[in-house]
Structures are given as structure tokens and as C-alpha cells.
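*Asks:* Following my numbering, the numbering of the sequence shown begins with 13 at its first residue and continues without gaps. By construction, the Cβ of each residue, glycine as well, lies at the ideal position given by its N, Cα and C atoms. Take this structure first; my questions come after.
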Amino acid sequence: MTESLPKSLVVLGAASGVARAIAEEYAIRGWALVLAGRNIDEIKRIADDLHTRHGATCHPLVFDALAFDDHKDFPAACEAALGAQPEGVILCFGFMAEQSDAQSDMDIARRTMDTNLTGAMTILEAFAAVFEVRRSGFIAALSSVAGDRGRKANYIYGASKGGLTVYLQGLRNRLHPAGVQVTTIKPGFIDTPMTYGMKLPGPLVASPERAAKAMVCAISKGKNVVYVSSIWRYIMCIIKSIPEWQFKKMDI
């Protein structure tokens, strides 16, 4: 009798603080993991740590969000590493620069869009094709509350995340008949290097560990859209309700 393989998951952008916390939540639950990212040395360290502390089976793989042409073959590489197709994929990578830098340097603006939107779409389309044929699986991706409404403080980053949110809406609509769940995650502020140096109200900032628990819970419940801190749902509801004639005058 062949021993059944454990449930398995691909984490894209696995070196980020949030991704590490998510990977640990699944490692504790006994899932086998593909940890993917550009910094393979760091990815290997994370994999070794999860194996040492939780006995998790972790496969580190190189993945570059900007290497679009390689994305179509990546699900097969994950299957080869795991010995089976993964149950799901969670996209955690992203890029955020200062708004002033993105405004003045189109290379930075393009990197923002290519990483957060184009790179996300090309890799998720590759996994979506596999899951759709199989008629099972789940896809989750970290978008942002910044994509709920354009503000002068971060509208280039917000545009990339707003595009990702709309993409995930369409993907959810497409994959629902195939039994594939698509979850859009809007973390708000998380205490990671991406938010270091920002003056943020304490109640609006979540730790990576708290955020990861909320995300994993939402995915397991088959949620469509989740705000990691529920207060952000109400904050953004208010912001989106402000009439445009008034909103354009606001320093926000």
C-alpha cells in the first residue's frame, strides 16, 4: 500500500516576514511546502528552520516575479519537488517604493506594476490552469487596502494593487465552477521591513504572526475577500464613500 503524501502548498515570495509566518502556520499543521523566492540562501535558511522546529518537509525553489517567461513552467517544478500537485498557492511577494520616487522615476513605477500586477497575473494564471483542469485547489494573494481607492500618498502602488484586486475578482468568477477557491487578502499595515520608518497608529498595525493566523483561517473557511484587521473594512468603506468632488480636495 502506497503511503499518502501530506497536503502541500506553494508560498511565493517566501522570504518576507508575512510569508514566513504563513509558512510556519502550515508547517505546524503538517503540510509539505514549496518555499519560493529570489534570495535562495535565505529561503533555504527558512526551510531548515521550519524542518528543525516543526519537522516540516520544505522544498526551496528559486522564483523571480519579474521572470515572466519562466512562470508557465513553475507549477511543474513545484510538482516535481513535492511529488504531487500542490493543493494551493499563496502569493506574498510585492514591491512598494516612495510615491515621490515612483512619480519621478518611471523605472521604479514600472517595477511596481510589473511586480505587483503583471508578475502576479502570469504566475497565478499558470497555477490556475492546473487547478482548473484538476477541478480543485485554492489560490490566495496579498493585495492591499491601498488598491481600494487612489490617494495622492501612494497612487502608483495603489494602482498596482487595485489592478491585482480586480484580477482576483475575475479569476474567482472564472474558477468557481471548477471548485477552485480564490481569496483576496488585504492586510492593512503589518510590522515588516516594508512599513519600517512609517509613522503608523498602533491599533492599525498587525504583527506578521497575527496576520498569518487570520489569513490561514480565512483561506480554510473559503473566504473571498478578507481584511486582516476588520477595522480596515470600515475605514475603507468610509474612504470609498466620500464623493469625488470632495475627495480630490483632501490631503490624504
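Tell me the start and end of each unbroken alpha helix (DSSP H) in the region 156-229 that is at least 4 residues and wholly inside, in chain order.
*Replies:* Counting whole runs of 4 or more residues, the region 156-229 contains the alpha helix (DSSP H) stretches 167-187.
*Asks:* Would you kindly report the start and end of the unbroken alpha helix (DSSP H) that includes Phe259?
*Replies:* Unbroken alpha helix (DSSP H) run through Phe259: 256-259.
*Asks:* At what residues does the alpha helix (DSSP H) containing Val142 begin and finish?
*Replies:* Per DSSP, Val142 belongs to the alpha helix (DSSP H) from 132-146.
*Asks:* Buried or exposed: where does His188 fall if 16 or more other Cβ atoms within 10 Å of its Cβ makes it buried?
*Replies:* Exposed is the call here.
*Asks:* For Phe150, which option in Asn51, Lys173, Met118, Arg186 has the closest C-alpha, if you only look at C-alpha atoms?
*Replies:* Among Asn51, Lys173, Met118, Arg186, the Cα nearest to that of Phe150 is on Arg186.
*Asks:* With a threshold of 16 other CB atoms inside 10 Å of the CB of Thr14, please say whether the residue is buried or exposed.
*Replies:* No answer about Thr14 holds up, because its pLDDT of 40 lies below 50 and its placement is not dependable.
*Asks:* What's the C-alpha gap between Trp6 and Thr134?
*Replies:* The structure shown does not extend to residue 6, since the chain is modelled only from 13 through 264, so no value can be given for it.
*Asks:* In the DSSP assignment, find the alpha helix (DSSP H) that holds Ser116 and state where it starts and stops.
*Replies:* Run containing Ser116: 111-116, per the alpha helix (DSSP H) assignment.
*Asks:* DSSP on Gly100, reduced to helix/strand/coil?
*Replies:* Strand at Gly100.
*Asks:* Taking the alpha-carbon positions, what's the Asn166 to Ile231 distance?
*Replies:* Approximately 28 Å, taken between the alpha carbons.
*Asks:* What three-state label does DSSP hand Ile151 in the structure shown?
*Replies:* Reduced to three states, the DSSP call for Ile151 is strand.
*Asks:* Pull up the distance between the alpha-carbon of Arg146 and that of Ile251, whole angstroms please.
*Replies:* Cα to Cα, Arg146 sits roughly 40 Å from Ile251.
*Asks:* Just to confirm, is the Cβ distance from Val23 to Ile120 under 8 Å?
*Replies:* No, the pair does not count as a contact, with Cβ atoms beyond the cut-off.
*Asks:* Which runs of the beta strand (DSSP E) spanning at least 3 residues fall entirely within the region 22-72, listed in chain order?
*Replies:* Complete beta strand (DSSP E) runs here, min 3: 44-49.
*Asks:* Within the same chain, show all residues whose beta-carbon is closer than 6 Å to that of Tyr239, passing over the 5 residues directly before and after it, in chain order.
*Replies:* So the list reads Lys198, Arg245, once near-sequence residues are dropped.
*Asks:* Quick check: what's the CA-CA separation for Phe201 versus Ala89?
*Replies:* Taking the straight line from one Cα to the other gives about 33 Å.
*Asks:* Which same chain residues, not among the five before or five after Met125, have their C-beta less than 7 Å away from its C-beta?
*Replies:* Excluding positions up to five away in sequence, the list reads Ser172.
*Asks:* How is the alpha helix (DSSP H) around Pro86 delimited, first residue to last?
*Replies:* Note on identity: in this sequence residue 86 is Phe, with Pro being the wrong assignment. Where Phe86 is concerned, the enclosing alpha helix (DSSP H) stretches over 86-94.
*Asks:* On the CB-based measure, 16 or more other CB atoms within 10 Å of its CB, does Gln193 come out buried or exposed?
*Replies:* With 16 or more Cβ atoms within 10 Å of its Cβ, Gln193 is classed as buried.
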